[in-house]
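Below: the structure, in structure tokens.
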Ligand SMILES: *Cc1c(COP(=O)(O)O)cnc(C)c1O
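So this is what it looks like as structure tokens:
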């Protein structure tokens, strides 16, 4: 994702963005394989020989080609649905390195995950414990569980992606955890093997993460004192990335903090990073359809929209946007970059200073996480294709959705 200083053109690895746009059309998602590998390996290298499992959070980007890249590097997976488990299996991921999070696991999903022998369920309520016990007994298997503990720390991120406060729907109260572990330990076909937390996403401060980690370690000691054998601690994901002017926490610093919190304890450490592995590994390429100059505002109408990238409309999220050909010494104008969807909320960027012409291609940056996975067909727009760049090669890892795809599973009622 660098501008070649000689040519002034944007490159993804050794492939020019302009060539990708020409070959595959726009809008299209483009990912760098090398960037994904580098981000994953930063976590692994920071752990060194220490027993650990990095469980990539599949919901950040669930394309099977991306899951495969990570599976090949030895990654585990954090899933939140049966659909995500199917993707992991289809991509060659290892179910015995897969943990299942989420507040609403259905009977069918639990059944499926038990059959596939996943590593652990991150359980979010007492009712869920009973449900897993019942299904495991029917199948005659043992279910490994962690309780997702809500450590009640303020992660200091957007309220929609903060999950570790008492008022959130996630996890069980830290003060109630001991009682629930004792219940779990007595339930048939339930094996409490771990403890888990995840306090939010796009975190840029280490202090709340450290507070949560210390609470987890303290609870682990208390559980062990009650003869509940905890063999892994899952510290969740949530590491932020740079979208604009944030200073993200480096992977190495995060892991170092965890190692310090663990002290001499020897449990396996799990983490569940999503955004920090794929977020800055992806671009959305889009073509300028129209320039529109109004009395108070100028608009760039592009061929991508909120259905392709929901984060700006949903969270007012910032994504850097620039032309894929560097514009030098030309007058800049202030624009809102908007899509063709019939909603005022359909914008991709606001008040950006750019110099563009109709037909130019723009790159929307940092869209590798929660980009394609949050896309929809709103306004009957087919989803964009996904292209994986490996050095100079471009691989289509998801075709552009066709018009037929849009209603191929609809019927006219008699
Ligand atoms: C979403 C999620 C993650 C990943 O969060 P990132 O901010 O993408 O790292 C990890 N664990 C759980 C339980 C999640 O819901």
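In the working numbering, the protein residues as written are 529 to 942.
The beta-carbon is built from N, C-alpha and C at its ideal position, and this holds for glycine as well.
No experiment lies behind these values; they were computed from the predicted model shown.
Beta-carbon proximity of residue i to residue j, cut-off 7 angstroms
| i | j | result |
| --- | --- | --- |
| residue 559 | residue 916 | yes |
| residue 779 | residue 575 | no |
| residue 811 | residue 899 | no |
| residue 802 | residue 585 | yes |
| residue 787 | residue 891 | no |
| residue 654 | residue 715 | no |
| residue 942 | residue 927 | no |
| residue 723 | residue 761 | yes |
| residue 721 | residue 759 | yes |
| residue 833 | residue 867 | yes |
| residue 628 | residue 605 | no |
| residue 660 | residue 618 | no |
Length of the line joining the Cα atoms of residue i and residue j
| i | j | result |
| --- | --- | --- |
| residue 893 | residue 870 | 24 angstroms |
| residue 829 | residue 921 | 30 angstroms |
| residue 744 | residue 599 | 28 angstroms |
| residue 676 | residue 757 | 16 angstroms |
| residue 804 | residue 767 | 6 angstroms |
| residue 865 | residue 887 | 14 angstroms |
| residue 620 | residue 882 | 43 angstroms |
| residue 602 | residue 771 | 28 angstroms |
| residue 843 | residue 566 | 28 angstroms |
| residue 725 | residue 553 | 41 angstroms |
| residue 746 | residue 682 | 18 angstroms |
| residue 713 | residue 739 | 27 angstroms |
| residue 925 | residue 588 | 16 angstroms |
| residue 540 | residue 728 | 30 angstroms |
| residue 595 | residue 800 | 14 angstroms |
| residue 613 | residue 590 | 10 angstroms |
| residue 819 | residue 698 | 44 angstroms |
| residue 537 | residue 929 | 28 angstroms |
| residue 579 | residue 547 | 43 angstroms |
| residue 573 | residue 795 | 18 angstroms |
Cβ of residue i within 7 angstroms of any chain C Cβ
| i | result |
| --- | --- |
| residue 762 | No chain C is present in this structure, which holds just one protein chain. |
Check: residue i C-beta below 6 angstroms from any heavy atom of ligand 1
| i | result |
| --- | --- |
| residue 760 | no |
| residue 606 | yes |
| residue 800 | yes |
| residue 588 | yes |
| residue 946 | An answer regarding residue 946 cannot be provided, because it is not within the stretch 529 to 942 covered by the chain. |
| residue 585 | yes |
| residue 803 | yes |
| residue 629 | yes |
| residue 778 | no |
| residue 847 | no |
| residue 632 | no |
| residue 764 | yes |
| residue 639 | no |
| residue 658 | no |
| residue 635 | no |
| residue 893 | no |
| residue 923 | no |
| residue 821 | no |
Buried or exposed (CB count within 10 angstroms, at least 16 for buried), residue i
| i | result |
| --- | --- |
| residue 793 | exposed |
| residue 632 | exposed |
| residue 831 | buried |
| residue 860 | exposed |
| residue 821 | exposed |
| residue 931 | exposed |
| residue 923 | exposed |
| residue 824 | exposed |
| residue 626 | buried |
| residue 636 | exposed |
| residue 656 | buried |
| residue 764 | buried |
| residue 611 | exposed |
Spatially closest choice to residue i from the options, by CA coordinates
| i | options | result |
| --- | --- | --- |
| residue 839 | 864, 710, 876 and 586 | 876 |
| residue 672 | 835, 651 and 682 | 651 |
| residue 624 | 706, 582, 891 and 733 | 582 |
| residue 789 | 878, 737 and 637 | 737 |
| residue 542 | 553, 555 and 563 | 563 |
| residue 608 | 602, 925 and 634 | 634 |
| residue 646 | 696, 670 and 844 | 670 |
| residue 858 | 874, 843 and 885 | 885 |
| residue 889 | 555, 896 and 626 | 555 |
| residue 776 | 604, 626, 682 and 734 | 734 |
| residue 754 | 590, 711, 741 and 763 | 711 |
| residue 910 | 895, 611 and 936 | 936 |
| residue 782 | 732, 698 and 825 | 732 |
| residue 679 | 718, 742 and 660 | 742 |
| residue 545 | 918, 615, 940 and 852 | 852 |
| residue 847 | 819, 854 and 879 | 879 |
| residue 666 | 698, 697 and 718 | 718 |
| residue 816 | 841, 809, 845 and 849 | 849 |
Check: residue i C-beta below 6 angstroms from any heavy atom of ligand 2
| i | result |
| --- | --- |
| residue 778 | For ligand 2, the structure offers nothing, since it holds only ligand 1. |
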